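Working notes, structure below.
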Amino acid sequence: MNILALIMGLLAAGVVAAFSERIHQHAPRWVSLIAFVVALIYTSSAWLGAGSETEEYARQVLPWIPRFGIQVYLVLDGLSLMLVALTAFLGIVAVVSSWSEISERHGFFQFNILWVMAGVVGVFSAFDLFLFFFFWEVMLIPMYFLIAIWGHENRAYAATKFFLFTQISGLLMLFAILSLVYFNYQATGVITFNYFELRNASLDPDVAWWLMLGFFVAFITKLPSVPVHTWLPDAHTQAPTAGSVILAGILLKTGGYGVIRFAVGLFPEASQDFATVGMLLGALSIVYGGYMAYSQSDFKRLVAYSSVAHMGFILLGVYAFNEIAMQGAVVTMIAHGFSTAALFMMAGALQQRLHSREMSKMGGLWVRAPRMGAMTLFFVVASVGMPGLGNFVGEFLALLGAFQAHVPLTIAAAIGIVVAAVYGLSLMQRAFQGVPNPDVGEIEDFGAREMTVMILMMIGLVWLGVYPQLVLDLSAPVITSLGVAGL
Amino acid sequence: MSHTWVNSVLPHLVLTVGLMVLLLVVAFRRSHALAMTSTFLILVVAGALIPQSLAAGSEDVFGLIRVDGYGQFFSGLFLLAAIVTVLISFRYLDHRASSCEEFYMLILTATLGAMVMAVASHFATLILGLEILSISLYAMICYPQEGRLPLEAATKYLVLSGVASTTMLFGMALIYAASGSLSFSALGQPVDNQGENYYWLGQGMLIVGLAFKLSLVPFHMWTPDVYQGAPAPVTGFIATVSKGAVFAALLRYAVISDVLSNASIALGISIIAVGSMVVGNLLALLEKNIKRILAFSSIAHVGYLLIALLVVAALDDSEIARETLMVYLAGYFLMTLAAFGVISALSISASDQDTEQLADYRGLFWSHPVLAAVLTSAALSLAGIPLTMGFIAKFYLFAAGVQGALWVLLWALVIGSAIGIYYYLRIVFTMTQSESTDGSVRANAIPVETIVTVGVLGAAVILFGVYPTPLIELVRGLIGTFGA
C-alpha cells in the first residue's frame, strides 16, 4: 500500500472539491464522499490482503531535507492501520453528517475536511519525528478554519482557544524533539529524526524525563486530559457538526496515539517513572469529566465532557503499563470514535432541526422522531459502557489492567463508570423522554442517508463488543514492541 | 593580475551605472512606466550578474569590501526585495504622487547601500553603505503622499537614525583610537591595557547604534510610527532590506572581530534579545492596525534572530550561525514582502491612509481569495507554523540554539512565539469573517502585476516551507566561501 499516495490523494481531493463548487454547489460534498470511500476501501484492502502474521502493512522512505537527516518515513503497523481506517470511515460520517447543514462556501468546507483528514493519516503513519510534527500541525489549521468560519455563535473564542492550546503545547513538543535529536547527535554524531533510531538513543535519565514531559504535555492537551482540557468543550460546542465529529472521533485519538507511540515508545523508562502521575490524571479526567458532563444543559457540551471522561481511560490504560490495560486503551480509542461521532452527529441533527442545543428546549422528542430516539438510546448506552458493545470491552480491559498497577486509582475510575450511567441516562431522559415540549413542532426524522451511517457505526460497536479479537490482534505486536509486560 | 575585482563588484557597479542611466532617462522623458521598466531591468541585470561575481570565489577588494557567497546571497535578497517593491509600488504611486520617477532612483540607491553593507569588511564601507541606505529611506518614506503621518514618520526616522549613526561613528572612533585599525580583520587582536576600556566602550556604542537601526528593545520606539506612516510598499522595503542589511553586516562584524567574546557584551545582547521577543510580541497584542502589528512583529523577529548571533559566541564555529541567518532572512523577506504586498494592493486607491485597520480586512477571503490566501500564508509563516517557510526558519533557530545550548533564549523564543500566534491568528480570523456592510475598500480591482507578484511570494512561502532542500543547498553551497 502506498501511504504517500493516500495522503496526497486526500490533499488533491481537497483541491478538486474546492474548485468543483464552480460546477455545482453540491459537487464538493460528492467529491469528498467519494474520496473517503476510496480511502477506506484502499486501507481495508491492505489489511485484508496481508497475511495474519503481518506486523507491518506498508513502508515508504523518501529523502526530504537531507541537511538534517529528515526523511519522509511512513510506516503502517497494526495500530496505525486501524486508526487510518477509522479516519477514512469517520471522514464518511463527517461528510454525511453535514450533508445539508452547510449553506455557504461548500467547496472550502470540504477542502478543510479533506485536509484535516490527510494530516491525521500522516500523523498516524509518520515515523520521522519532523514529519510527524509537520502533520501534527497540518491537521490543526484546517480544523481552525472549520470552527472559525462555519462555527456557531461564539466561534472566535472557541477557534482561537483551540488553536492556542494545541499550538503552544506543540511548541513544547518541538522543543523536546529537537533536544532529543541533538542529544542523540552528541552521542552518535548522526543527525536523524528517525523514530526507530531515536528509540535507541542513550539518554541521561533526567534528560529523558524532561523530554518525555515535553511530548506528554502536547499529547494530553490534544487528548485532552484534566487540567488542559478546557479548550475541548468550547471547540466541540462551537464547531459545525462535521467539525465535532472529526474532533471527537479522530483528532483526540492522535493524542492517545502519540502517548502510546512517542511518549511511551521513545522514553519507556521515564514513562514508567511517570506512570502514577499518568494514571492519576486519567482517573481525575474520568471523574471530573463525568461530573461536569452531568451538570451541562447543552447537549453538545455534555457529550464533549463525556469525551474527557472516556479519554481518561486511555491515559489510565496506557500508564498501567501492562499489555491488557494498553489493549483496553486502544479498543477505547476505536469504540469512542464510533460512539461519540454518532452522538455529535445526533447533536448536530437536533440543532439543525430545533436551532438549539439546550436540552430544556427538547423533551419528548422520541414521539416526534422515533428513529432518532432509538439511535440516541443505542449510542448513549454504548457510551455508558453496556456489556456487549465496544466501549465496555475497552473500559473493562483498561480497568482490569489498571487494577494490577494501582488499586485506589482504579476504584476511583470505576466510580466514573457509574457517573457515566447517570449523565448518559439523564441526557436520554431530558432530550427524548418526558412530556413533549409544546414549543417544538413537527420535526423531520432521520432519513435513509443518516440511518445508513448510524447503522454502520452500530455494527462497528457491536462487532467490537462481541469479537474484539481482530483489534487486539492488530495492536498486540505494537504493544509488545513497546516492551510492556504481559499479564 | 587581471582585474578580477571588477568582476566581483559587477552587481554593485551595474546599480551605480544604472542609477545614472535612469537619471538621464528621467531627464529626457518623464514617464512613470518607462522609469519603472528601466529600474526593473537594472535590478534584474544586477541580480543576474551575482553568480558571475562569485566565479572567482571569495575576493577582497581594496581591503574595504569582501565579496563572498555570504554577502552576495544577501545582495541577491536585497535585489529581489527591490524588484518586488518596484512592482508593487507602480500603481500605488500612480494614484498618489504627481511625479513618481525619482522614487525609483531612491530605490536603487537604497538597494546599493544595502548591498555595500552586505559585503563591507571595513568601518568606512559599513558606514557608507548604511548612510546611503538610510538617507534614501528618509526620502522614500515621505515621497508619494502629502500628509501628517508620512512626514512625522520621516522626521522621526531621520532624527533617530541620525542619533544612531553618530553613536556608531563615535564608537568606531573609540575603537580606532584603541586598536589603530578600521578594518574588521585587524580587530580582535588584543589591545594594550590602556586602550582596552575605550575599545569595549566603542564596541558597546557600535552595537547600540546597530540595535537602533534594527529596532531592538529598548531602542524600538520609532518602529511602529515609521511603519504606520510610511507608504505600504516602502514599509515592506524598510522591514526587509534595511533590517536585513544591518543584520548581515552585524553578523559578519561579530564573527570577524570576535566582539562577543566579551561576556558583558554577550550578556547585554542576550538581554536585548529576550526583551525584544517578549516586548515586541506583547505590544503587538494591543494593536488593531495591521502595519503596527507587523512593526511589533518585526521587533520580535529581530529578537529571535539574535539567537543566531549569540550562537557565534557559544560555538567556535560560525557556520551554523551564518546558515541560520541566511535561511531565516530569506524566509523573512518572502513572508514580509508578501504581507506588505497585500496591504499595498488593497491600498492602491485608498484615499488618505493605507488600508491598514484590521477591520478593513473582514471578508477578504471571499472578496479577494488570492490576496487573502497570500496574507494567510504570510501570517502563518510569521507565526512559524509548519507548511510555511517561517517554520523552517524557526526550526533553524531552534537547531542552532540547541547546539549553542542557549536554553534561556530558546525558552524566550517558545514563549514569544506562543504569544505571537494569537495576533497573527487574529489577522487570519478577521479575513474569514463575513464582510462588513461597507465594502468600499475592496470594491476596486487589483492590477495583474500586483496579484502575480504577491501570488508568487505567497507560493514561495509555502513551497519552501514544504520542500526547503533547494534553498538549504543553495545556502550551503554559498557559505563555504565566507572570508574574513
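Heads up: the protein sequence lines correspond to chains A and B, in order. If you're matching positions, the first sequence starts at 1 in the numbering used here and goes up one per residue. If you're matching positions, the second sequence starts at 1 in the numbering used here and goes up one per residue. The C-beta atom is built at its ideal place from N, Cα and C for all residues, glycine as well. For clarity, every value in this text was computed on a predicted model and none was experimentally measured.
Cα-Cα separation between residue i and residue j, rounded to whole angstroms
i	j	result
V255(B)	Q186(A)	24 Å
L484(A)	Q228(B)	The amino acid occupying residue 484(A) in the given sequence is Val; Leu does not appear at that position. So the alpha carbons of these two residues sit roughly 60 Å apart.
S440(B)	Y361(B)	Reliability fails at S440(B), whose pLDDT of 47 lies under 50, so the model's placement of it is uncertain and no value is given.
Q72(B)	A120(B)	11 Å
V310(A)	M389(B)	In the sequence as displayed, the identity of residue 310(A) is His instead of Val. So the alpha carbons of these two residues sit roughly 38 Å apart.
E131(B)	G113(B)	7 Å
T432(B)	I127(B)	46 Å
V274(B)	L413(B)	8 Å
V408(B)	Y143(B)	43 Å
L315(B)	G404(B)	6 Å
Y291(A)	V419(A)	7 Å
F313(A)	V37(A)	30 Å
Q167(A)	A418(B)	7 Å
T4(B)	A55(B)	9 Å
F363(A)	Y467(B)	The amino acid occupying residue 363(A) in the given sequence is Gly; Phe does not appear at that position. Their Cα atoms are separated by approximately 55 Å.
D128(A)	W64(A)	11 Å
M457(A)	A374(A)	14 Å
F134(A)	K361(A)	43 Å
V16(A)	V159(B)	55 Å
F429(B)	I141(A)	11 Å
Proximal residues of chain A, C-beta to C-beta of residue i below 7 Å
i	result
L286(B)	What L286(B) touches in chain A: nothing, since even the nearest Cβ is about 16 Å away.
L425(B)	T160, F163
A139(B)	Going along chain A, no residue has its Cβ under 7 Å from A139(B), so there is no contact; the nearest lies around 41 Å.
M338(B)	The identity of residue 338(B) in the sequence shown is Ala, whereas the question assumes Met. Here the premise fails: no neighbours, minimum Cβ distance about 17 Å.
P261(B)	Rather than Pro, the amino acid found at residue 261(B) in this sequence is Ser. Near S261(B) there are no residues of chain A at all, since even the closest Cβ is about 24 Å away, more than 7 Å.
CB contact check: residue i to chain C, cutoff 8 Å
i	result
I307(B)	Of the chains in the structure shown, none is chain C; the protein chains are A and B.
Run of the beta strand (DSSP E) containing residue i, from where it starts to where it stops
i	result
W30(A)	Here W30(A) belongs to no beta strand (DSSP E); instead the alpha helix (DSSP H) covers 27-49.
P63(A)	56-65
D77(A)	70-77
D225(B)	First-last for D225(B): 222-229, but that is the alpha helix (DSSP H), not the beta strand (DSSP E).
V67(B)	65-67
Start and end residues, alpha helix (DSSP H) containing residue i
i	result
L472(A)	469-481
W5(B)	4-8
V384(A)	370-384
R30(B)	Where R30(B) is concerned, there is no enclosing alpha helix (DSSP H), given that its DSSP letter is neither H nor E.
E53(A)	Run containing E53(A): none; DSSP gives neither H nor E here.
D234(A)	231-238
I132(B)	123-141
Contacts that residue i makes with chain B (C-beta to C-beta distance below 7 Å)
i	result
L156(A)	What sits at residue 156(A) in the sequence shown is Ala, not Leu. Within chain B, the residues near A156(A) are F429.
A148(A)	F429, T432
E269(A)	Correct list: empty, because the minimum Cβ distance to chain B is about 23 Å.
L178(A)	F398, A399, V402
Neighbouring residues, chain A, relative to residue i (Cβ below 9 Å)
i	result
V414(B)	I168, L171, L172, L174, F175
A380(B)	The identity of residue 380(B) in the sequence shown is Leu, whereas the question assumes Ala. In chain order: I141.
Integer Cβ distance of residue i from residue j, believed to fall under 8 Å
i	j	result
L4(A)	Q60(A)	6 Å
Y424(B)	A379(B)	4 Å
T85(B)	I107(B)	6 Å
V308(A)	G289(A)	3 Å
A230(B)	P150(B)	6 Å
Chain A contact residues for residue i, given Cβ-Cβ distances below 8 Å
i	result
A373(B)	In chain order: nothing, as chain A lies at least about 11 Å away.
I269(B)	Those within 8 Å of I269(B) in chain A number zero; the least Cβ separation is about 22 Å.
R476(B)	R67
Partners in chain B for residue i, counting only beta-carbon separations shorter than 9 Å
i	result
I7(A)	Simply none; closest approach about 12 Å.
E137(A)	I385, P386, L387, F391
Proximity test, residue i beta-carbon vs the ligand MG heavy atom, cut-off 7 Å
i	result
S98(A)	By its list of ligands, the structure shown contains no ligand whatsoever, and the ligand MG lies outside what it can speak to.
Subject >> Touch test, the stretch 223-240 of chain A against the stretch 193-210 of chain A, Cβ-Cβ under 8 Å, three pairs minimum >> reply: Counting Cβ pairs under 8 Å, fewer than three are found: no touch.
Original post:
Given 8 Å as the limit, is there contact between the stretch 104-116 of chain A and the stretch 364-371 of chain A, that is, 3 or more CB pairs closer than that?
Top reply: Segments in contact, no.
**OP:** Say whether the stretch 294-305 of chain A touches the stretch 338-347 of chain A, bearing in mind that this needs 3 or more beta-carbon pairs closer than 8 Å, one atom from each stretch.
**Re:** Yes, they touch.
**OP:** Specify whether the stretch 387-401 of chain A and the stretch 307-326 of chain A touch according to this definition: at least 3 beta carbon pairs, one from each stretch, less than 8 Å apart.
**Re:** The answer is yes - the stretch 307-326 of chain A touches the stretch 387-401 of chain A, with three or more Cβ pairs under 8 Å.
**OP:** Could you tell me whether the stretch 88-105 of chain A touches the stretch 25-37 of chain A, where touching means 3 or more Cβ pairs closer than 8 Å?
**Re:** Touching, yes, given that three or more Cβ pairs across the two stretches are closer than 8 Å.
Original post:
Touching or not, the stretch 196-213 of chain B and the stretch 173-185 of chain B, by the rule of three or more beta carbon pairs under 8 Å?
Top reply: These segments touch.
**OP:** Count the C-beta pairs between the stretch 150-166 of chain A and the stretch 369-386 of chain B that are closer than 8 Å, then say yes if the count reaches three, no if not.
**Re:** Result no; under three Cβ-Cβ pairs closer than 8 Å.
**OP:** Examine the Cβ distances between the stretch 393-402 of chain B and the stretch 102-114 of chain A and report whether three or more of them are shorter than 8 Å.
**Re:** With the cut-off at 8 Å, the stretch 393-402 of chain B and the stretch 102-114 of chain A do not touch.
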